[in-house]
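**Student:** One structure coming up, written as structure tokens, with questions to follow.
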Amino acid sequence: MLDYTKKEKYERSALRVNPAKTCQPVGAMYAALGVHECMPHSHGSQGCCAFHRMFLTRHFKDPAMASSSSFTEGASVFGGGSNLKTAAKNIFDIYNPKIIAVHTTCLSETIGDDLNALIQGIDIPEGKYMVHTNTPSYKGSHITGFSNMVASFIKYLSESSGKTNGKVAIMPGFINPGDMRELKRIAATMSAKYTMLPDTSGVFDSPMTGTFNMYPSGGTTVEEIIELGDSSLTLAFGKFASEAPAEALEKKCGVPYKMLPLPIGIARTDEYIMALQSFVKVEVPYSLDEERGQLVDILIDIHPYTYNKKVAIFGDPDTVLGITEFVLEMGMIPKYVVTGTPGESFTDAAEELFGKFGMEGCIAKASGDLYELHQWIKEEGVDLLIGGTHGKHIARAEDIPFVRAGFPIIDRYIHSYLPLVGYKGGMRLAELITNALMDRLDRDSLEEDFEMVM
Ligand code: SF4
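For the sequence shown, the numbering used here assigns the number 80 to the initial residue and increments by one for each residue that follows.
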């Protein structure tokens with residue numbers, strides 16, 4: 080039996096148990112599916128590709144199309160050049176995408192395939208494109224892979240004509256299609272002209288039409304990615320997912336960028352709207368003011384239930400930081416804040432938030448895992464757990480209310496259609512949190528009544 084009061088019993092320097100992340104190509108595949116008529120291509124074994132497609136499909140409940148270089152022993156020894164060449168020909172002939180977006184896997188990275196040189200040697204049909212990014216999974220996380228893929232689209236395709244087009248480039252980060260729709264709705268309400276890259280709305284939340292469509296109507300078009308080079312400004316959400324592509328666009332085409340935190344909660348949504356306002360120079364419409372006021376009203380109403388409640392949050396870094404700030408706005412205590420993605424800037428940002436709200440004794444960790452989070456909770460419990468599906472085992476074992484938010488959520492439906500960002504997303508998250516806490520109160524009071532009767 081472990082003595083959980085002795086930290087050294089479970090502290091590990093190398094091993095991760097249930098890491099709060101998945102592998103790089105999952106993110107690269109998701110980013111590529113946010114480009115219209117794009118076929119994501121996994122340069123490695125079929126098993127990797129099947130796993131990544133399954134991971135996305137289970138979260139979004141929609142098929143994730145992707146092809147594979149289908150490495151066998153030969154390719155593993157001699158390199159995957161000829162596999163990629165054959166794959167490109169077959170994919171353009173059979174599936175007819177506008178663009179193939181190749182990402183690597185651990186195996187091709189270990190062999191050392193030079194994708195740049197390999198793609199240059201491929202006969203790409205007129206008017207079609209092929210891009211690549213490196214996604215070695217023994218580094219970073221799916222967020223790194225997402226960021227790398229978006230940056231590669233820009234490096235390969237974006238061009239500056241020398242004239243700006245008055246548009247804002249929106250880099251949403253690794254969020255659900257419902258969130259992307261909400262970011263676009265707010266931009267449109269502010270009368271901003273924009274291009275979002277990537278944009279999985281209309282792809283992973285496309286309607287049932289009765290006809291299978293390999294390339295749904297959504298996604299950023301190749302032409303739009305090329306024109307991103309003429310944008311006046313980039314608004315990039317979340318340092319981990321969007322800073323690298325924003326930097327790439329500035330470096331290649333001279334488009335200045337503004338980093339914004341993922342707009343979860345009031346202050347962060349205010350920041351997004353103020354950034355849009357200083358760009359378009361119009362008054363904030365009353366409809367947004369009204370939504371903000373409604374959210375403030377909701378937070379006041381639920382305050383008796385949320386105030387001083389301790390919460391543990393885990394998941395993707397930009398999302399976790401957003402949820403952390405929002406629970407602080409709700410008067411809660413973010414006791415444990417964990418991401419599996421490496422990067423000390425995560426802990427710095429979380430600690431800055433703890434300081435801003437006068438919190439003491441809260442712990443933030445990057446490169447973390449659910450095993451360690453569980454042990455912390457055993458040492459000092461929390462009133463609520465927030466994160467993806469894999470947290471349910473902790474919630475069950477410790478009998479804690481659990482709110483599913485973030486990625487992946489494989490045991491619930493509809494979540495990816497509905498936003499967490501913006502004031503509307505804040506209302507939804509506040510509802511989920513409050514209902515989870517009130518369900519627990521209901522259960523406790525029923526148990527008390529039962530005991531009294533007995
Ligand atoms: S081998 Fe690497 S790329 Fe493939 S599934 Fe495993 S971690 Fe991901």
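C-beta atoms are modelled at their ideal positions from N, C-alpha and C, and glycine is treated no differently.
#1: Give a yes or no on whether the C-beta atoms belonging to Leu511 and Gly257 are separated by under 8 Å.
#2: Val363 to Ala354, Cα distance in whole Å?
#3: Following the continuous alpha helix (DSSP H) through Lys503, name the residue where it begins and the one where it ends.
#4: Would DSSP call Lys164 helix, strand or coil?
#5: Taking DSSP's pairing of strands, which residues face Tyr336 in a bridge?
#6: Taking all protein chains shown into account, do 16 or more other C-beta atoms lie within 10 angstroms of the C-beta of Glu238, making it buried, or fewer, making it exposed?
#7: With H, G and I counted as helix, E and B as strand and the rest as coil, what does DSSP make of Ala445?
#8: Any chance the CB of Phe560 is under 7 Å from a heavy atom of ligand 1?
#9: Could you tell me the alpha carbon to alpha carbon distance between Ala315 and Thr398, rounded to whole angstroms?
#10: What is the rounded straight-line gap between the Cα of Ala180 and the Cα of Ala474?
#11: In angstroms, rounded to a whole number, what distance separates the CA positions of Gly206 and Thr101?
#12: To which residues of the same chain is Ser149 closer than 6 Å at the C-beta, ignoring the five residues directly before and after it?
#13: Using DSSP with H/G/I as helix, E/B as strand and the rest coil, what is Met144?
#14: Within this structure, are the beta carbons of Lys318 and Ser424 separated by less than 8 Å?
#15: In three-state terms, what does DSSP make of Met228?
#16: Check for me: the beta strand (DSSP E) holding Ala129 runs from which residue to which?
#17: Based on the DSSP output, what are the partners of Leu463 in its beta bridges?
#18: Going along the chain, which residues of its own chain have a beta-carbon closer than 8 Å to the beta-carbon of His138, five neighbours each way excluded?
#19: Check whether the segment 335-355 and the segment 499-513 are in contact - that is, three or more C-beta pairs closer than 8 Å.
#20: For ligand 1, any of its heavy atoms closer than 7 Å to the Cβ of Pro383?
#21: Indicate whether Met250 and His182 have their beta-carbon atoms separated by less than 8 Å.
#22: Under 8 Å Cβ to Cβ from Tyr83, same chain only, skipping five residues before and after it: list those, please.
#23: To the nearest angstrom, report how far apart Gly191 and Lys388 are at their CA atoms.
#24: Starting from Pro104, follow the alpha helix (DSSP H) in both directions and report where the run begins and ends.
#25: For Gly333 and Lys234, I'd like the C-alpha separation in whole angstroms.
#26: Could you work out which residue in Glu116, Ile352 and Ser147 is closest to His131 when comparing CA atoms only?
#27: Per DSSP, what kind of secondary structure is Leu81 in: helix, strand or coil?
**Tutor:** According to the data block:
#1: Counting from one through the sequence shown, the residue named residue 511 turns up at place 432. Counting from one through the sequence shown, the residue named residue 257 turns up at place 178. Annotated as distal: Leu511 and Gly257, with beta-carbon spacing of 8 Å or more.
#2: Taking the sequence shown and counting its residues from 1, one reaches residue 363 at position 284. Taking the sequence shown and counting its residues from 1, one reaches residue 354 at position 275. Their backbone Cα atoms lie some 11 Å apart in a straight line.
#3: The residue labelled residue 503 in the question sits at position 424 within the sequence shown. In the DSSP annotation of this structure, the continuous segment of the alpha helix (DSSP H) that includes Lys503 starts and ends at Gly501 to Val532.
#4: Along the sequence shown, read from residue 1 onward, the residue named residue 164 stands at position 85. It is helical.
#5: Locating residue 336 in the sequence shown gives position 257, where the first residue counts as 1. Beta-bridge analysis with DSSP links Tyr336 to Thr313.
#6: Numbered from 1 along the sequence shown, position 159 holds the residue referred to as residue 238. Exposed is the call here.
#7: Taking the sequence shown and counting its residues from 1, the one referred to as residue 445 is at position 366. Coil at Ala445, not helix or strand.
#8: In this structure the chain extends from 80 to 533, so residue 560 is not present and cannot be described.
#9: Residue 315 sits at position 236 when you count from the first residue of the sequence shown. Residue 398 sits at position 319 when you count from the first residue of the sequence shown. Straight-line Cα distance between these residues: approximately 14 Å.
#10: The sequence position of residue 180 within the sequence shown is 101, counting from 1. The sequence position of residue 474 within the sequence shown is 395, counting from 1. Their Cα atoms are separated by approximately 38 Å.
#11: As a working mapping, residue 206 is identified with position 127 in the sequence shown. As a working mapping, residue 101 is identified with position 22 in the sequence shown. Approximately 34 Å between the Cα atoms of the pair.
#12: Taking the sequence shown and counting its residues from 1, the one referred to as residue 149 is at position 70. Gln125.
#13: The residue you call residue 144 lines up with position 65 of the sequence shown. The three-state reading of DSSP puts Met144 in coil, since its state is none of H, G, I, E or B.
#14: Working through the sequence shown from its first residue, we reach residue 318 at position 239. Working through the sequence shown from its first residue, we reach residue 424 at position 345. With contacts defined by Cβ atoms closer than 8 Å, Lys318 and Ser424 form a contacting pair.
#15: As a first step, residue 228 is located in the sequence shown; it is residue number 149 there, counting from the start. Met228: helix per DSSP, three-state reduction.
#16: What you label residue 129 is simply residue 50 of the sequence shown in a count that begins at 1. Ala129 -> not in any beta strand (DSSP E); alpha helix (DSSP H) instead, spanning Gln125 to Phe139.
#17: Residue numbering aside, residue 463 sits at position 384 when the sequence shown is read from its first letter. Paired residues: Val390.
#18: One-based indexing of the sequence shown puts residue 138 at position 59. Answer for His138: Phe486, Pro487, Ile488, Ile489 and Ser495, listed in chain order.
#19: Touching, yes, given that three or more Cβ pairs across the two stretches are closer than 8 Å.
#20: For the purposes of this step, residue 383 is identified with residue 304 of the sequence shown, where counting begins at 1. No, the beta carbon of Pro383 sits no closer than 7 Å to any heavy atom of ligand 1.
#21: Position 171 of the sequence shown, counting from 1, holds the residue named residue 250. Position 103 of the sequence shown, counting from 1, holds the residue named residue 182. Going by C-beta atoms, Met250 is not nearer than 8 Å to His182.
#22: In the sequence shown, counting from the first residue as 1, residue 83 sits at position 4. The predicted model places Tyr83 with a pLDDT of 49, which falls under 50 and marks its position as unreliable, so this point remains unresolved.
#23: Locating residue 191 in the sequence shown gives position 112, counting from the first residue. Locating residue 388 in the sequence shown gives position 309, counting from the first residue. Those two C-alpha atoms are separated by around 50 Å.
#24: Counting from one through the sequence shown, the residue named residue 104 turns up at place 25. Element bounds for Pro104: Gln103 to Leu112.
#25: Position 254 of the sequence shown, counted from the first residue, corresponds to residue 333. Position 155 of the sequence shown, counted from the first residue, corresponds to residue 234. Going by the C-alpha atoms only, they are around 12 Å apart.
#26: Position 52 of the sequence shown, counting from 1, holds the residue named residue 131. Ranking Glu116, Ile352 and Ser147 by Cα distance to His131 puts Ser147 first.
#27: Along the sequence shown, one-based indexing puts residue 81 at 2. Residue placement at Leu81 cannot be trusted, given a pLDDT of 48 that sits under 50; the coordinates are not used to answer.
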